[in-house]
Amino acid sequence: MKLSFMTFVCPSWEIERVVRFAREAGYDGVEIRVDAGHKHGVSSKSSKDERRYVRRLFESEGVEVSSVATSVQFSFPDPVKRRENIEAAKLNIELAGDLGAKVVRIFAGRNVPELTDESAGYIAEAFTEVGEYAEEYGVCPLLETLHDIVRSADDALKVLRRVETSNFGILWNHSDIDQRSFDLLKDYIRHFHVHEEVLNPENKNVLHLARMMKSVDFDGYISLEIIRGEDLPEDLLIETAERLKGYIKQA
C-alpha cells in the first residue's frame with residue numbers, strides 16, 4: 047500500500063511545487079484532480095509536450111501519478127449527455143496513460159434520484175466501453191463508491207455485475223471498510239480516498255485498513271482527498287504522511 051495526496055490539498059500550487067513537496071514530505075504519489083481550477087494546470091487539454099514535461103518531472107523526483115481524478119459522471123439518463131461523458135472519460139484515460147497513472151476516477155453521479163436496475167445498466171455499459179478503450183493505455187477506470195447514488199458495497203455490486211470487461215475497478219471513498227463490504231469488493235478495490243478523519247492523530251483507520259488490504263496483496267494507493275478550498279499547512283501534510291506511512295509499515 048502506498049500513500050498519495052490529491053491536489054485539492056494544495057489547489058494554488060504549481061505542478062513543480064506539488065511534485066517537489068510530495069517527494070520531500072515522503073508521499074509516494076500525487077493524485078491529479080482535473081477540471082477543478084487547480085493551479086497545476088494539468089488536464090486532458092494539455093499538449094503532448096506538456097504531458098511529457100509533467101511525466102519527466104514526476105520521474106525525476108521519484109514520485110508517481112497515483113490517479114487522475116475526473117468530474118466525469120455516467121448516470122445521465124440522456125444518452126447525449128452520457129456520450130459526452132464517455133468521450134471525456136476517454137480523453138482523461140489518454141492523459142493518464144501519458145502520465146503513467148494506472149487508474150482514473152469516475153463518478154456515477156447524482157443525475158437520477160437513486161441507483162435502479164435501469165441506471166446501473168447504462169452506467170455499466172459506459173464502464174464497459176471505457177474499460178475496453180483503456181486497456182490500450184494500461185489504465186483502469188474506477189467507480190467511486192460511498193458517493194452520490196453509489197452509497198454502499200451493494201450499490202457498487204449492482205453496477206459491477208453488469209460490467210462486461212475485466213478492466214474495471216472500485217474506489218472505496220473512506221478510510222474505514224467493514225468486513226462485509228471488504229468481502230464483497232476485495233477483488234476489485236484499486237484505490238482509496240481518505241478524508242479529514244485521518245488528520246486526527248488518534249485515528250488509526252489507516253492501520254486497520256492496511257492490515258485488511260495486506261491480506262489480498264493490495265499494492266495500490268490511499269490518497270488524501272481533503273477539500274477546504276485552500277492549501278493545507280505543509281507541516282500538517284508532513285506529519286500526516288509520517289504517521290500514515292508508519293501505520294502502513296506497521297501493518
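For what it's worth, the numbering used here labels the leading residue of the sequence shown as 47, then goes sequentially.
We put the CB at the ideal spot given by N, CA and C, even for glycine.
This one's a predicted model, so the numbers in the text were calculated from it and none came from an experiment.
Next item on the list: Just the C-alpha distance for F260 and E271, rounded to the nearest angstrom, thanks.
Entry: Reading off the sequence shown, one finds Lys at residue 260, where the question assumed Phe. The straight-line gap from Cα to Cα measures roughly 22 Å.
Check: If we ignore side chains and look at the alpha-carbon of each, how far apart do T286 and I294 end up?
Finding: 12 Å
Check: By Cβ distance, which residues of its chain are closer than 7 Å to V111, with the 5 residues on each side in sequence left out?
Finding: G75, V76, I78, F104, L145, G146 and A147
Item checked: Option nearest C186 by Cα separation, candidates R289, V114, L290 and R226 -> V114
Notebook entry, point to check: Would you report the Cα separation of G87 and R129, rounded to the nearest angstrom?
Noted result: 25 Å
Margin query: When you compare the CB positions of K136 and Y179, do they come within less than 7 Å of one another, or not?
Written below: yes
Next item on the list: Could you please give me the residues that DSSP links to G75 through a beta bridge?
Entry: S50 and E110
Notebook entry, point to check: Does DSSP classify T116 as helix, strand or coil?
Noted result: strand
Margin query: Using CA atoms only, rank isn't needed, just tell me which of S269, P123 and A68 is closest to I284.
Written below: A68
Checklist line | Simplified DSSP assignment, three categories, for S165 | finding: helix
Notebook entry, point to check: Using CA coordinates, which residue listed in A297, N246 and E280 is at the minimum distance from Y19?
Noted result: As displayed, the chain neither begins before 47 nor continues past 297, which places residue 19 out of reach and without an answer.
Next item on the list: Please name the residue in V209, H237, S89 and S121 whose C-alpha comes closest to that of E217.
Entry: It should be pointed out that residue 217 corresponds to Leu in this sequence rather than to Glu. When only C-alpha atoms are compared, the closest one is H237.
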